[in-house]
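Step one of this worksheet: look at the structure below.
Protein chains in written order, with this note's numbering: chain E, 48 to 261; chain D, 2 to 218.
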């Protein structure tokens, strides 16, 4: 506890960086995965191919990807954007499946009804299918968010500092307290971010509250 | 894309295919870590998941637990266990077991939950004991989802077993970590490619097994 209080400013800085390195990939991953997941639902054959490509991405070891990406993008080795790109790739890989499941859970009868009542294709997707897929999408975002916060801790291995730096430093000094505090901070950050998604989901889908209260 | 061609020529070099540092030995180590981890995690998570799914008790706890375990960073656990127990097989196995439990647990209880209640009631009505209901009705019907959990766990562990090399152990992570320390891209790319291929082969085997266990197909 002493160590935590003594190093509070440094930890706060690392936590802040960690937050940004996680939030940007989760948001980007969501935005990119939505159209892919929708396409996966609309065109079954191509769709299942997309979903399996996504699950292949997930099997690439993260440390390896962190080192390969700068070579592919031509970015500097210590550039934090490498971490963002890698985490976004993983986020997309997980989110595509949720998005496909979410859009798949929307009943065809509802879609037909929307079409029959004169909705254009865009209106139907944005005002009918997207909101109905909402709960499954939210569940996907929550899983992606928790695992992204946890996965981001490997970035100090390639020299981009965040809460994971507490692990590498603690390991070098053989100082368990620092690692424990790091683990606690990561878990707390993951839970706080999860709470944000739940609250945002509740704000965006007020009709779900009605169902749960009664 | 030169990173990839370098990786391929590293792979093609015959010198990297035998001995202590050769691919066959590293692949065997990597699969060994994976098998040990998944076996330990399965012994913990599957009975627990079956119990939760069968009784319907503690479901909320299980969901919270899997979420919390997912948040635990592997690198943090690994380094922490090293400080407690010293360098050895224990730290990576503990860290990887924590990673493998959530998908296995979720597969087991979600699998049982997906079984039609009417089927279970029918099994009880014809006089099956609780154990028979579990063993002869629920588990066979839940098999595809249980195997799905196992598949997810194995893939995640294969990709993450790379971290064992961070504390100096073997496995395919060696190429990645050794390459990282001397900025040897081709070696890292080669190691990663082998891990990806290994994961794909395992995934394919699981796809076939899962199909074989699906009822009515």
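Beta carbons are placed, not taken as given, at the ideal position from N, Cα and C, and that holds for glycine.
Original post:
Taking the alpha helix (DSSP H) that residue 53 of chain D falls in, what are its first and last residues?
Top reply: 24 to 56
Original post:
Buried or exposed: which applies to residue 260 of chain E, given that a residue is buried once 16 or more other Cβ atoms fall within 10 Å of its Cβ?
Top reply: Caution is warranted here: a pLDDT of 46 is assigned to residue 260 of chain E, below 50, making its placement in the model unreliable, and the coordinate value is therefore given only provisionally. The residue is exposed, with fewer than 16 neighbouring Cβ atoms inside 10 Å.
Subject >> Given residue 9 of chain D as reference, the closest of D:204, D:210, D:189 once Cα atoms are compared >> reply: D:189
**OP:** Measure the C-alpha to C-alpha separation of residue 131 of chain E and residue 116 of chain E and round it to an integer number of angstroms.
**Re:** 10 Å
**OP:** Closer than 8 Å by C-beta to residue 178 of chain D: which residues in its own chain qualify, once you throw out the five before and the five after it? Chain order, please.
**Re:** 163, 166, 167
Original post:
What residues of chain E sit near residue 6 of chain D, judged by a beta carbon separation below 7 Å?
Top reply: In chain order: nothing, as chain E lies at least about 11 Å away.
**OP:** Anything in the stretch 208 to 231 of chain E with a Cβ closer than 7 Å to a Cβ of chain D? List those residues in chain order, please.
**Re:** 211, 214, 217, 218, 221, 223, 226, 227, 229, 230
Subject >> Nearest neighbour of residue 125 of chain E, chosen from E:239, E:183, E:207, E:156 [CA to CA] >> reply: E:207
Subject >> residue 197 of chain D at chain E interface by Cβ criterion, 8 Å >> reply: yes
Subject >> When D:54, D:69, D:176 are compared against residue 17 of chain D, the one with the closest alpha-carbon >> reply: D:176
**OP:** Count the other C-beta atoms from every protein chain shown that fall within 10 angstroms of the C-beta of residue 218 of chain D, then say buried if there are 16 or more, exposed otherwise.
**Re:** Note that residue 218 of chain D scores 46 on pLDDT, short of 50, meaning its location in the model is unreliable and no value can be drawn from it.
Subject >> At least 3 beta-carbon pairs within less than 8 Å: the stretch 75 to 93 of chain D vs the stretch 21 to 29 of chain D >> reply: no
**OP:** May I ask you to list, following chain order, the residues of the stretch 98 to 111 of chain E that have a beta carbon less than 8 Å from some beta carbon of chain D?
**Re:** 102, 103, 105, 106, 107, 108, 109, 110, 111
Original post:
If we call anything under 8 Å between Cβ atoms a contact, is residue 146 of chain E one with residue 187 of chain E?
Top reply: yes
**OP:** Indicate whether residue 88 of chain D and residue 38 of chain D have their beta-carbon atoms separated by less than 8 Å.
**Re:** no
**OP:** Could you work out which residues of chain D lie near residue 149 of chain E, taking near to mean beta carbons separated by less than 9 Å?
**Re:** Correct list: empty, because the minimum Cβ distance to chain D is about 17 Å.
Subject >> Coil, strand or helix - residue 260 of chain E by DSSP >> reply: With a pLDDT of 46 at residue 260 of chain E, under the threshold of 50, the modelled position of this residue cannot be trusted; read the value that follows with caution. The answer is helix: DSSP assigns residue 260 of chain E an H, G or I state.
Original post:
Applying a beta-carbon distance threshold of less than 9 Å, which residues of chain D neighbour residue 115 of chain E?
Top reply: 4, 5, 8, 186, 189, 190, 193
Original post:
Between residue 128 of chain E and the rest of its own chain, which residues show a CB-CB distance below 7 Å, the 5 nearest in sequence each way excluded?
Top reply: 122
Original post:
Who are the Cβ neighbours of residue 109 of chain E in its own chain at under 8 Å, not counting the five residues just before and after it?
Top reply: 133, 137, 198, 201
**OP:** Have a look at residue 228 of chain E and residue 66 of chain D and give me their C-alpha separation to the nearest angstrom.
**Re:** 20 Å
Subject >> Whether residue 173 of chain D touches residue 195 of chain D by CB criterion (8 Å) >> reply: yes
Subject >> Against chain E: residues of the stretch 55 to 85 of chain D by CB proximity under 9 Å >> reply: 68, 69, 71, 72, 73, 74, 75, 76, 77, 78, 79, 80, 81, 83, 84, 85
Original post:
Can you tell me where the alpha helix (DSSP H) with residue 165 of chain D in it begins and where it stops?
Top reply: Careful: residue 165 of chain D lies outside any alpha helix (DSSP H) and carries neither H nor E.
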